[in-house]
Amino acid sequence: MTNEHAAKVLQAARDLAPTLSSRSAEIEEARRLPVDVLDQLKAAGCFRMFLPRSHGGFEVDLRTGMDVLETLARADGATGWTVMLGSESPLLFALLSRERFDAVYSGGPDVIIGGGFNAQGEAHATEGGYRVTGRWSFASGCEHADWLFGNCVLMDGGRPRMGAAGDVRETPEMRGMLFPAREVRILDTWSVLGLRGTGSHDIAVEGAFCPAEHSFDIFQGQPSVACPGFVAPVLHFVLHMGAVAVGIAQGALDETVTLARSGKKRLYARAGLADSPVFQVHLGRAETSVRAARALLRDTGDELWDACVNNPGAAAAIAPRLSATLAWVTEVAARAVDACYQAGGGGVARNASPVQRRFRDIHTFSQHAAAAEGWFGQAGGALLGHPTGFWT
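Residue numbers for the sequence shown follow UniProt numbering, so the first one is 1 and each next one is one higher.
Following this line, the structure appears as structure tokens:
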């Protein structure tokens with residue numbers, strides 16, 4: 001990657017930010033990205049930023065990708081989340097064979113995948129592939145995806161196929177099953193508190209055939225593309241999520257400052273928000289917390305990127321701290337947004353308030369399994385020398 005490529009996509013995201021902010025209410029109402037917004041994001045290179053240059057992408061480094069995602073989420077949380085998942089498409093496609101990866105991108109670089117990471121389907125082995133039935137929740141961006149996948153438990157004789165002998169976890173084998181989007185049913189289920197514009201509906205198939213070459217191991221698979229950005233894809237995803245959380249929190253701070261500067265005065269208060277020492281303390285603490293979260297995220301990201309470049313085998317050892325980092329960043333981001341919401345008074349409770357949208361977005365985000373408090377236990381166990389496994 002050259003600095004020119006990184007600068008190009010980051011500047012394009014910054015240029016789009018005012019438009020995204022102005023259309024946040026529209027995006028939320030539509031419960032998906034409008035087609036013209038999607039086209040602008042594609043033209044900016046947001047969905048191809050991690051794709052290798054050999055296939056028409058920008059091949060940006062981890063830090064640049066995180067900065068792009070934070071920029072978009074700062075403008076609109078749902079856009080940041082949706083682009084995050086769409087931009088990760090090459091990392092998932094790379095879990096297929098190199099031949100299939102090349103075929104996916106033979107028609108152009110802006111190919112988007114969506115789907116369900118939780119194993120909510122069954123895949124029964126048959127000649128040439130699998131017969132798949134399942135329903136998967138939280139398939140963000142499914143309405144504009146080109147391909148959709150669902151993670152499945154592999155079945156043998158009506159029973160789950162268990163892991164290899166000696167696997168102390170004795171967990172069933174799982175594989176993602178990939179289908180052209182037209183073969184998958186989208187169920188309108190995304191009526192939620194926040195991040196409404198992500199269109200994270202359920203998807204389903206029943207008795208659908210998936211060729212073996214279209215199946216992949218989401219969490220343990222080895223990428224067929226040899227470059228730093230494709231080492232340990234799930235670890236990259238964790239940091240991408242953190243960038244979105246920081247972006248949502250920074251957006252709430254921006255909007256709270258704008259509110260205070262507008263002359264906002266809470267009922268019965270002697271001074272406007274901007275002149276209130278108590279408000280200034282809370283705002284300063286929240287802003288400092290967000291900067292700390294961003295700094296930790298970047299520091300951890302730089303550590304992972306260094307391992308991916310110089311010692312790929314060491315990347316897995318960082319996993320427990322990566323998981324704990326996301327859990328902490330999410331907690332800090334939520335507290336910062338809460339402070340903005342509480343400071344804004346009764347007016348921010350209205351649907352029209354951008355601060356209210358940030359409040360709903362971050363608390364929807366915080367419910368994600370990857371940001372759960374339990375991940376601190378992975379980091380603690382690693383410090384004590386206890387065996388830990390990522391995403392177990």
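Glycine included, each C-beta is placed from N, C-alpha and C at the ideal position.
Inter-residue spacing [alpha-carbon to alpha-carbon] between E143 and K264:
40 Å
M177 and V104 - do their beta-carbons sit closer together than 8 Å?
no
Helix, strand or coil: how does DSSP classify H5 here?
helix
Contact between the region 321 to 333 and the region 284 to 300 is defined here as three or more beta-carbon pairs at a separation below 8 Å; is this criterion met?
yes
In terms of alpha-carbon separation, which member of A243, G385, S97 and P172 lies closest to Q222?
S97
I need the DSSP call for E206, collapsed to helix, strand or coil.
strand
Is V37 helix, strand or coil by DSSP?
helix
Runs of beta strand (DSSP E) lying entirely within the region 140 to 219, each at least 3 residues, in chain order
147 to 156, 174 to 180, 185 to 187 and 201 to 211
Which one or two residues does DSSP pair with V132 in a beta bridge?
A123 and A208
Any beta-carbon of chain B closer than 8 Å to the one on R298?
Absent here is chain B; the protein component of the structure consists of one chain.
Taking a contact to mean a Cβ-Cβ separation below 8 Å, would you say L16 touches A44 in this structure?
yes
On the DSSP bridge list, what partners appear for G115?
F149
Report the rounded CA-to-CA distance for K42 versus R321, giving the unit in angstroms.
33 Å
How about L148 and V184: do their beta carbons lie closer than 8 Å?
yes
Are there 16 or more other CB atoms within 10 angstroms of the CB of R32, so buried, or fewer, so exposed?
buried
Consult DSSP for F50 and reduce its assignment to one of helix, strand or coil.
coil
Kindly indicate which three-state DSSP category F138 falls into: helix, strand or coil?
strand
How do the region 271 to 286 and the region 255 to 262 stand: do at least 3 beta-carbon pairs fall below 8 Å, yes or no?
yes
Supposed close pair M155, H124 - CB separation, criterion 8 Å
5 Å
Short of 8 Å in beta carbon distance, which residues of its chain neighbour H201, apart from the five on each side in sequence? Order them along the chain.
A139, C142, E143, I186, L187, D188, T189 and W190
Under the three-state DSSP convention, the category Q367 falls into
coil
Please classify S24 as buried or exposed, where buried requires at least 16 neighbouring CB atoms within 10 angstroms.
buried
Answer yes or no: do Q367 and S323 have a C-beta to C-beta separation smaller than 8 Å?
no
Tell me the rounded alpha-carbon separation between P312 and R53.
21 Å
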